[in-house]
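Peer 1:
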Amino acid sequence: MRVRRNRIDENLPQPMLSPMIDMIFLLLVFFIVSTMYMVEIKTIPIKMPTAAHTQTVTKSTFVVTVKQDGTIYLDDDKIDLPTLCENAKGQLVVDENFAVIIRGDKGVEYGNVIKLMDALKGVGINKFGLATETGKNK
114 MRVRRNRIDE
124 NLPQPMLSPM
134 IDMIFLLLVF
144 FIVSTMYMVE
154 IKTIPIKMPT
164 AAHTQTVTKS
174 TFVVTVKQDG
184 TIYLDDDKID
194 LPTLCENAKG
204 QLVVDENFAV
214 IIRGDKGVEY
224 GNVIKLMDAL
234 KGVGINKFGL
244 ATETGKNK
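Position one of the sequence shown corresponds to residue 114 (our numbering), numbered consecutively onward.
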């Protein structure tokens with residue numbers, strides 16, 4: 114008995130995987146690069162002073178903003194100093210390496226920043242970061 118082969122299967126076009134893999138990697142690189150620019154912290158807009166030698170911190174629990182008129186914001190929410198201290202004290206119990214990043218407006222009075230730091234030191238916070246804009250070395 115003679116077996117008859119189906120010649121139709123031999124002539125079907127085969128999908129080319131190389132261009133599809135190239136497109137997948139291209140899309141992957143696009144999404145990786147585009148999400149790198151979305152890391153910007155969304156907070157109260159202020160004009161911060163510039164510094165030539167800065168260090169970028171990516172992990173922070175409390176970002177406190179002090180505006181020029183002396184108002185204090187925790188992330189995007191306006192907050193008073195005693196409530197901020199209580200929240201920070203509670204966070205310090207959870208994480209002993211807890212640190213506060215202070216974003217001060219360029220025109221804020223120095224005494225307002227010191228008052229904030231002193232109040233936070235009073236509840237046990239000893240690690241602070243002062244946020245600045247990145248400047249160029251001239």
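Think of the CB as a built atom: it goes at the ideal place given N, C-alpha and C, for glycine as much as any other residue.
How do the stretch 135 to 145 and the stretch 222 to 241 stand: do at least 3 beta-carbon pairs fall below 8 Å, yes or no?
Peer 2: no
Peer 1: What residue range is occupied by the uninterrupted alpha helix (DSSP H) comprising I134?
Peer 2: 130 to 149
Peer 1: Quick one: is T178 buried, meaning 16 or more other Cβ sit within 10 Å of its Cβ, or exposed?
Peer 2: buried
Peer 1: Can you give me the Cβ contacts of L233 inside the same chain, cut-off strictly under 7 Å, excluding the 5 residues immediately before and after it?
Peer 2: C198, A201, V213
Peer 1: Let me check understanding here. Comparing Cα to Cα, which of Q181, I238, D190 lies closest to V207?
Peer 2: Minimum Cα-Cα distance from V207 among the listed residues Q181, I238, D190 corresponds to I238.
Peer 1: Please classify L205 as buried or exposed, where buried requires at least 16 other C-beta atoms within 10 Å of its C-beta.
Peer 2: buried
Peer 1: My understanding is that K219 touches P162, with C-beta atoms under 8 Å, so please give their C-beta distance in whole angstroms.
Peer 2: 5 Å
Peer 1: Does N250 come out as helix, strand or coil in the three-state DSSP assignment?
Peer 2: Here the model assigns N250 a pLDDT of 48, short of 50, so the residue's position is not dependable and the matter cannot be decided.
Peer 1: Starting from the Cα of V221, find the closest Cα among L243, T196, K180 and give me that residue.
Peer 2: K180
Peer 1: Excluding the 5 residues preceding and the 5 following L243 in the sequence, name in chain order all residues of the same chain whose CB lies nearer than 6 Å to its CB.
Peer 2: I215
Peer 1: Going by the CB atoms, is the gap between V176 and G190 shorter than 7 Å?
Peer 2: In the sequence as displayed, the identity of residue 190 is Asp instead of Gly. No, the pair does not count as a contact, with Cβ atoms beyond the cut-off.
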